[in-house]
Amino acid sequence: MKVLSSLICQTSIQDEATKNVSLINVIDQLNVSLDNNTRSEDGLLRLPFFFELVTHLHGDDIRGKKYQIVIETRDPEDILLNSNTHEVLVPSDKKRFRLTMKVAGITLSKSGTYVLRLILTESGSKSESVIIDTPLDVIIDIKK
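If you read the sequence shown in numbering that gives the first Met the number 0, its first letter stands for residue 0, the second for the next number, and so on.
Shown next as C-alpha cells:
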C-alpha cells in the first residue's frame with residue numbers, strides 16, 4: 000500500500016459522475032484567539048472545529064480488504080490528546096481508495112505543530128500497520 004496524499008480541509012465534495020473530489024479550504028495552519036477562561040480544568044482547549052482528513056491510498060494489495068483505522072491527535076510534544084477508531088472495507092474493484100475522515104472538534108494544549116495520525120491495520124492480520132502523519136500548525140493567542 001502506498002499513501003499518495005493526506006490533507007486537512009474544511010470540507011470535500013465528490014462529483015458523482017466522475018468521482019473526482021474538490022477539497023474546500025485546505026488547512027495547514029489554524030489560528031485560535033480565545034479568552035483566558037476558555038481552557039478546561041485539565042488545561043486543554045476543546046474547540047468545536049469541524050474538518051475532514053482526506054487520504055488517498057493506492058495498491059493492488061488493498062483490494063477487498065477490511066481495515067481498522069485509528070485517528071489520533073498528537074500535540075507538539077507527541078502527547079496523545081484524542082483517539083477514535085473506525086473500520087472501512089476497500090471495494091474489491093478498487094486499487095485506488097480515497098479515505099475521508101470527518102472530525103467533529105479538536106483538542107489543543109499549546110501552540111506548535113500537531114500531528115493527525117492515521118494508523119491503518121488490516122483486520123484479522125498481524126501485519127505491520129501503516130502510519131500516516133499529517134501536520135497541522137496551530138497558533139493559540141489567549142487574550143488576558
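Glycine residues also receive a C-beta, built at the ideal position from the N, C-alpha and C atoms.
When the Cα atoms are used, what is the spatial distance from N144 to T10? This structure cannot settle anything about residue 144, because the visible part of the chain is limited to 0 through 143.
Measuring alpha carbon to alpha carbon, tell me which residue in S124, K143, L135, E127 is nearest L107. Residue mapping note: residue 107 aligns to position 108 of the sequence shown, counting from 1. The shortest C-alpha separation from L107 is found at L135.
Less than 6 Å between C-beta atoms, sequence neighbours within five positions excluded: which residues of the same chain meet that for L80? Taking the first residue of the sequence shown as 1, we reach residue 80 at position 81. When the five nearest sequence neighbours on each side are left out, the beta carbons in the same chain lying within less than 6 Å of the beta carbon of L80 are those of T72, D74, T106, in order along the chain.
Closest to G42 by CA distance: which of K109, I130, K142 is it? Counted from its first residue, the sequence shown places residue 42 at position 43. Considering only alpha carbons, the answer is K109.
At which residues does the beta strand (DSSP E) containing E145 begin and terminate? In the structure as shown, the chain starts at 0 and stops at 143, and residue 145 therefore has no counterpart that could be examined.
Could you name each continuous beta strand (DSSP E) segment of 3 residues or more that falls completely within the region 68-135, going from the start of the chain to the end? Secondary structure within the region 68-135: the beta strand (DSSP E) runs of 3 or more consecutive residues, fully enclosed, are 79-88, 95-107, 111-121 (chain order).
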